[in-house]
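Below: the structure, in structure tokens.
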Amino acid sequence: MIQRNLKSEIVSKLTAKKSEIKCKKGQQFIIEGAPVNGLFFILNGKVKVFRTGINGREQIVRFAKNGEIIGHRGFGSEEYYSIAAIAIEDTILCYFSKNALQQVLRSDPTFTYDLMLFYANELNNSEAKVKLLSQMTVRERVIDTLLFVHRKFGDRNGYINLPLTRKEYADYAGTTEEQVIRVFSTLKKEKLIIAKAKLIGIRDVQLLKKEISEHNFYLDS
Numbered sequence: 001m002i003q004r005n006l007k008s009e010i011v012s013k014l015t016a017k018k019s020e021i022k023c024k025k026g027q028q029f030i031i032e033g034a035p036v037n038g039l040f041f042i043l044n045g046k047v048k049v050f051r052t053g054i055n056g057r058e059q060i061v062r063f064a065k066n067g068e069i070i071g072h073r074g075f076g077s078e079e080y081y082s083i084a085a086i087a088i089e090d091t092i093l094c095y096f097s098k099n100a101l102q103q104v105l106r107s108d109p110t111f112t113y114d115l116m117l118f119y120a121n122e123l124n125n126s127e128a129k130v131k132l133l134s135q136m137t138v139r140e141r142v143i144d145t146l147l148f149v150h151r152k153f154g155d156r157n158g159y160i161n162l163p164l165t166r167k168e169y170a171d172y173a174g175t176t177e178e179q180v181i182r183v184f185s186t187l188k189k190e191k192l193i194i195a196k197a198k199l200i201g202i203r204d205v206q207l208l209k210k211e212i213s214e215h216n217f218y219l220d221s
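So in the UniProt record's numbering, spot 209 of the sequence shown is number 209, and the numbers just go up one at a time.
Printed below as a string of structure tokens:
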């Protein structure tokens, strides 16, 4: 979005005001409930975005990688972040302050329009995901999560290039850690996946796709 508008003099001035932040693996850079102060763009690395759900349980909203925005859902009329974000590997972030972004939005119609389209797409994906998950069985939700993470981060040495705990899979799929362990065990017996500690490898992507094809597994978030 910012890259597409770099030729704009106003946006160029914004990029000159950016700050670069280096986060170690496990370092939290957005705290849920903290005052909104700006947006983060991932220059290099991977990030987990989450919020506190019912009974204080962690609910993973999304995983993000290079080139993606973090903190945009708290940017606007809200005064506090409704989400938290933590680096799941060493990550380099580009930070733009709230004041600097608001100046650009008031002065550059093209950039403002692009941001509006971005938010509209985010809202559509979020609503579609809620509907999709409500129609899926636990097994289907876990499979959908595996395929999503595989599609987003790819393979490395035969395993998905994002080591996650069983709890993290559960927190994204909207189920329990015990249910994820059961589904993974069944998928291993069916020779659809392989597992090595936190590493999961998909042996037959097409067969997994067929299991949830009626739900449109291509939905990304």
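We treat Cβ as the ideally placed atom computed from N, Cα and C, and that holds for glycine.
Please read all numbers here as calculations on a predicted model, not as lab measurements.
- PHE41 has its alpha-carbon roughly 13 Å from the corresponding atom of VAL49.
- The C-alpha of ARG203 lies about 48 Å from the C-alpha of ASN99.
- If you compare the alpha carbons of VAL149, TYR159, SER213 and LYS188 with that of LYS46, the shortest gap goes to VAL149.
- Nearest in C-alpha terms to LYS198, of all of ARG51, LYS191 and ILE160, is ILE160.
- Minimum Cα-Cα distance from PRO35 among the listed residues GLY154, GLU79, TYR113 and ILE83 corresponds to GLU79.
- Assignment of beta-bridge partners to GLY201 by DSSP yields ILE194.
- Under the criterion of beta carbons closer than 8 Å, ARG139 and VAL183 qualify as touching, at roughly 5 Å.
- Around the Cβ of ALA128, a 10 Å sphere holds fewer than 16 other Cβ atoms; the residue is exposed.
- Rounded to the nearest angstrom, the Cβ distance from THR145 to ALA173 is 4 Å, consistent with a contact under 8 Å.
- In the structure shown, LEU117 falls within a helical segment according to DSSP collapsed to helix, strand and coil.
- Per the C-alpha coordinates, the member of LYS191, GLU177, SER213 and SER185 positioned closest to ARG57 is GLU177.
- Looking from the CA of GLY201, the closest CA among LEU162, ALA64, LEU43 and GLU211 belongs to LEU162.
- By the neighbour-count definition (other C-beta atoms within 10 Å, threshold 16), GLU20 is an exposed residue.
- Residue range 138 to 153 is occupied by the alpha helix (DSSP H) that includes ARG141.
- Taking SER126 as reference, the option from LYS196, LYS25 and ILE60 with the minimal CA-CA separation is ILE60.
- Sequence-distant partners of ALA170 (beyond 5 residues in either direction) whose C-beta falls short of 6 Å from its own C-beta, in its chain, are THR176, GLU177 and VAL180.
- For GLY33, same chain residues with a beta-carbon under 6 Å away, outside a window of 5 residues either side, are TYR80 in chain order.
- Under DSSP, PRO35 takes part in a beta bridge, and its partners are TYR80.
- Your pair LEU101 and LEU43 does not check out as a contact, with CB atoms roughly 17 Å apart and the cut at 8 Å.
- About 25 Å separates the beta carbons of GLY158 and ALA87, which is beyond the 8 Å limit, so they are not a contact pair.
- By the CB criterion at 8 Å, LYS189 and ALA195 fall outside the cutoff.
- Annotated three-state conformation of LEU93 is strand, per DSSP.
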